[in-house]
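Protein chains: 2
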Amino acid sequence: MSIIGCVPNISEGRRADVIRRLSSETSAVRGVRLLDVTSDREQNRSVFTFIGNTASLGRAVYRLMKIAIETIDITRHSGKHPRMGIVDVIPFVPLRNVSMELCVRLARRVGKEIGESFGVPVYLYGQAATAPHRVSVNDVREGEFEGFARKIKLPKWKPDFGPERVHATAGVVAVGARPPLIAVNINLDTPDLPLARKICDGILRSCGGEYLKALVVGRGTGGSAKIAVSVLDFKRLPIHRVVEAARRLARRQGAAIEGVELVGLVTAESLFGSLEHYLQLVDFNPMQVLEFHLSRRR
Amino acid sequence: MSIIGCVPNISEGRRADVIRRLSSETSAVRGVRLLDVTSDREQNRSVFTFIGNTASLGRAVYRLMKIAIETIDITRHSGKHPRMGIVDVIPFVPLRNVSMELCVRLARRVGKEIGESFGVPVYLYGQAATAPHRVSVNDVREGEFEGFARKIKLPKWKPDFGPERVHATAGVVAVGARPPLIAVNINLDTPDLPLARKICDGILRSCGGEYLKALVVGRGTGGSAKIAVSVLDFKRLPIHRVVEAARRLARRQGAAIEGVELVGLVTAESLFGSLEHYLQLVDFNPMQVLEFHLSRRR
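Going down the list, the sequences are from chains F and Z.
Take 1 as the starting number for the first sequence in the numbering used here and just add one per residue.
Take 299 as the starting number for the second sequence in the numbering used here and just add one per residue.
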């Protein structure tokens, strides 16, 4: 059985009724499973995690976009996470028995549909990008919604699909394809944002910037400074190396990690490496884990 | 879907052809899956891990017993692990949507069949035990095969099924039901067995003897002293607490853990607690792990 993941980031993390409607109406799409919704009040952002195939995910994203346009206004959005649209970014992820190529084609098809059906400018990014300067979603998003009125006029930033004019309430959207990643929020036991930035820079330096992204995204509900980390290549950089680096760097500043939040979906494979490390497991075979075994026999 | 585990321990860990035949002929039983076979040369013992339902596991155990009687002679067995029979112990384990009660009934049915069909004395143990002194398989096994000629004559040790006479080549067998456990071998970086015993005693003391069993079982292939640990209640005693205790106690003796081998099957749930501990995960939801999620939707 082949499985594609889709992890839209929505610029709404506060209004429970809107998040609930987005969840219930998209999860009702045949063939799609909504595995997780993680909302963050401070970031005012929600991460939806779907799995499905090309057809069902296409339908779910269409539905998501439609409801988001009805319920969210980017001009009224404020939050700690940078954003350029109400549905800020839509990555497709090859999870099992699926090529990256297929996810790239799906991103193009869905991007085209969003541009044509909703009149929202679409930028293809990641493996689906049409130019090297558009690969990183951070580069695409630079200037955020407010800056796009001008940015979109630059030939370099002509959208891949849709009008060459920012949608008044929906902004613009990035649609792309990328490998599975591990997204975590590292919460520190201090509200000190400059100190958090120092630790964040240290993480990027010590873990190798090409394998992860890290960004201080403000304070959590308890007031603790929050570093959002995405590990882009868990085989080269297992998650425990990031957590250990953060722990060490925090200690050096007289601080500590308060807790680590896993955001969205991960594959078991991306966690087993850390388990092996900490427990010093030798000759560990994932098939010894009942659920892993069962999931492989479908 | 309901799933029962069955984890027979066979007193043969060296002859590859015998282990292969036991594996291939039992895994061919309809409705059974053989998930893992872990053999240990020094212990001269193999642990088979099956999953299935009451009917299919009954058939697999019958087949296993039959082949073992044809191929293994307990009077010729020598190894580091104590044993009383060629199929030393047959535990049934409720893994999913199955009551312990059902596993107890299955143990009784299978025990009766082994006693009657093969003329091998059977002791019910664990949750299936017919008396308190028979709950622990270590107590049942005390004296090993060599001691059973006399032990079996004691009224206290009258078998639950089968003849009141040890089978000449198969010995006796314990059949029972127990909760899922985590079995690991902790290999030290030293061949020093008395030192390993000190560490083993320390583990038992510091982790609470009611939640685990621990036993020095000799040296591994590389010559390292090996402590076999079974965690009986991973909710009360997560595996990382055992490993950390072993690490600390070894360090105090100027030694270290060389590696930890996971033996047989575990449930993801029994590992997640350790992952949460080491990575300081907060609000972790197992459903965020793709394979765990998929395995639940069957």
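Glycine included, every Cβ here is placed at the ideal spot set by N, Cα and C.
Given the structure is predicted, the values throughout are model-derived calculations rather than measurements.
Residue i versus residue j: straight-line alpha-carbon distance, rounded
i, j, result
"Pro584 (chain Z)", "Leu265 (chain F)", "10 Å"
"Glu210 (chain F)", "Val217 (chain F)", "20 Å"
"Ala16 (chain F)", "Glu116 (chain F)", "30 Å"
"Ala353 (chain Z)", "Leu404 (chain Z)", "9 Å"
"Leu294 (chain F)", "Arg503 (chain Z)", "36 Å"
"Val110 (chain F)", "Cys505 (chain Z)", "55 Å"
"Arg432 (chain Z)", "Arg247 (chain F)", "48 Å"
"Ala475 (chain Z)", "Arg328 (chain Z)", "22 Å"
"Asn97 (chain F)", "Cys103 (chain F)", "12 Å"
"Met84 (chain F)", "Glu101 (chain F)", "26 Å"
"Ile257 (chain F)", "Gly220 (chain F)", "13 Å"
"Tyr123 (chain F)", "Ser136 (chain F)", "11 Å"
"Arg14 (chain F)", "Leu275 (chain F)", "34 Å"
"His301 (chain F)", "Asn138 (chain F)", "Outside the displayed span of chain F (1 to 298) sits residue 301 (chain F), for which this structure offers no information."
"Phe295 (chain Z)", "Leu535 (chain Z)", "This structure does not reach residue 295 (chain Z), given that chain Z is present from 299 up to 596, and the question cannot be answered."
"Ala168 (chain F)", "Gly119 (chain F)", "10 Å"
"Val175 (chain F)", "Gly571 (chain Z)", "36 Å"
"Asn342 (chain Z)", "Thr336 (chain Z)", "11 Å"
"Met1 (chain F)", "Phe346 (chain Z)", "28 Å"
"Leu249 (chain F)", "Ile227 (chain F)", "13 Å"
"Arg612 (chain Z)", "Gly445 (chain Z)", "Residue 612 (chain Z) is absent from the structure shown; chain Z starts at 299 and stops at 596."
"Thr26 (chain F)", "Arg33 (chain F)", "9 Å"
Among the options, the one whose alpha carbon lies nearest that of residue i
i, options, result
"Thr543 (chain Z)", "Z:Leu510, Z:Ala427 and Z:Ser593", "One detail in the question is off: residue 543 (chain Z) reads as Ala in this sequence, not Thr. The candidate whose alpha carbon is nearest that of Ala543 (chain Z) is Z:Leu510."
"Glu340 (chain Z)", "Z:Glu574, Z:Ala523 and Z:Arg406", "Z:Ala523"
"Ala512 (chain Z)", "Z:Asn483, Z:Glu559 and Z:Gly424", "Z:Asn483"
"Val166 (chain F)", "F:Arg178, F:Gly176, F:Pro180 and F:Gly143", "F:Gly143"
"Val172 (chain F)", "F:Ile69, F:Leu195 and F:Ala256", "F:Ile69"
"Leu35 (chain F)", "F:His240, F:Val18 and F:Ile3", "F:Ile3"
"Thr75 (chain F)", "F:Ile199, F:Ala170 and F:Asp201", "F:Ala170"
"Asp73 (chain F)", "F:Ala174, F:Val18, F:Val32 and F:Gln280", "F:Val18"
"Val243 (chain F)", "Z:Leu577, Z:Pro419, Z:Ala466 and Z:Ala566", "Z:Leu577"
"Asn351 (chain Z)", "Z:Gly552, Z:Gly377 and Z:Cys304", "Z:Cys304"
"Ala429 (chain Z)", "Z:Trp455, Z:Pro392, Z:Gly445 and Z:Phe416", "Z:Trp455"
"Glu291 (chain F)", "Z:His379, Z:Ile349, Z:Arg406 and Z:Leu579", "Z:Ile349"
"Val391 (chain Z)", "Z:Gly424, Z:His538 and Z:His575", "Z:Gly424"
"Ile365 (chain Z)", "Z:Ser325, Z:Leu320 and Z:Arg406", "Z:Leu320"
"Lys198 (chain F)", "F:Arg252, F:Gly222, F:Ala128 and F:Glu146", "F:Arg252"
"His277 (chain F)", "Z:Phe582, Z:Asp581, Z:His538 and Z:Thr565", "Z:His538"
"Ser376 (chain Z)", "Z:Leu579, Z:Met299, Z:Ala566 and Z:Asp338", "Z:Asp338"
"Leu579 (chain Z)", "F:Glu113, F:Ile203, F:Val32 and F:Leu271", "F:Leu271"
"Ser397 (chain Z)", "Z:Pro419, Z:Lys410 and Z:Ala426", "Z:Ala426"
"Thr267 (chain F)", "Z:Val587, Z:Asp499 and Z:Ile501", "Z:Val587"
Range of the contiguous beta strand (DSSP E) that encloses residue i
i, result
"Pro246 (chain Z)", "No statement about residue 246 (chain Z) is possible, as the shown extent of chain Z runs from 299 to 596 and does not include it."
"Gly119 (chain F)", "Neither: Gly119 (chain F) is in no beta strand (DSSP E) and is coded neither H nor E."
"Ala170 (chain F)", "That residue, Ala170 (chain F), is in no beta strand (DSSP E); it is neither H nor E in DSSP."
"Gly5 (chain F)", "Ile3 to Cys6"
"Leu188 (chain F)", "Ile182 to Leu188"
"Asp531 (chain Z)", "Per DSSP, Asp531 (chain Z) belongs to no beta strand (DSSP E) and is neither H nor E."
"Asp299 (chain F)", "Only positions 1 to 298 of chain F appear in this structure, which leaves residue 299 (chain F) out of reach."
"Gly259 (chain F)", "Ile257 to Val263"
Residue i, enclosing alpha helix (DSSP H) - first and last residue
i, result
"Phe570 (chain Z)", "Ala566 to Leu577"
"Asn436 (chain Z)", "Val435 to Arg439"
"Thr54 (chain F)", "Thr54 to Thr71"
"Ala245 (chain F)", "Ile239 to Arg252"
"Ala16 (chain F)", "Ala16 to Ser27"
"Ser295 (chain F)", "Leu290 to Arg296"
"Glu442 (chain Z)", "Glu442 to Lys449"
"Arg282 (chain Z)", "Residue 282 (chain Z) lies beyond the range of chain Z shown here (299 to 596); nothing can be said about it."
"Arg503 (chain Z)", "Leu491 to Cys505"
beta-carbon residue i near the ligand MG non-hydrogen atom, thresh 8 Å
i, result
"Arg205 (chain F)", "With respect to the ligand MG, the structure offers nothing, as it holds no ligand at all."
Residue-level contact to chain B via CB, residue i, 9 Å cutoff
i, result
"Gly417 (chain Z)", "The structure shown contains no chain B; its protein chains are F and Z."
With a threshold of 8 Å, are at least 3 pairs of Cβ atoms found where one atom belongs to the region 455-470 of chain Z and the other to the region 343-362 of chain Z?
no
When Cβ atoms are compared, which residues of the region 390-403 of chain Z fall closer than 7 Å to chain F?
Leu393
According to a CB-to-CB cut-off of less than 9 Å, which residues of the region 553-565 of chain Z neighbour chain F?
Ile555, Glu556, Gly557, Val558, Glu559, Leu560, Val561, Gly562, Leu563, Val564 and Thr565
Examine the Cβ distances between the region 554-561 of chain Z and the region 476-495 of chain Z and report whether three or more of them are shorter than 8 Å.
yes
Would the region 470-480 of chain Z and the region 526-543 of chain Z be scored as touching if the rule is three or more Cβ pairs under 8 Å?
yes
For the region 8-15 of chain F against the region 85-98 of chain F, are there 3 or more C-beta pairs whose distance is under 8 Å?
yes
Across the region 492-503 of chain Z and the region 442-453 of chain Z, are there enough close Cβ pairs to call them in contact, namely three or more that are closer than 8 Å?
no
Residues, ordered as in the chain, of the region 528-546 of chain Z that lie near chain F by beta-carbon distance below 8 Å:
Ile537, His538 and Val541
Using Cβ-Cβ distances below 8 Å, what residues of the region 281-295 of chain F are close to chain Z?
Leu281, Val282, Asp283, Phe284, Asn285, Met287, Gln288, Val289, Leu290, Glu291, Phe292, His293, Leu294 and Ser295
Give me the subset of the region 39-57 of chain F whose CB atoms are less than 7 Å from a CB atom of chain Z, sorted by chain position.
none
Residues from the region 315-340 of chain Z in contact with chain F, defined by Cβ distance under 9 Å:
Arg331, Leu333, Asp334 and Thr336
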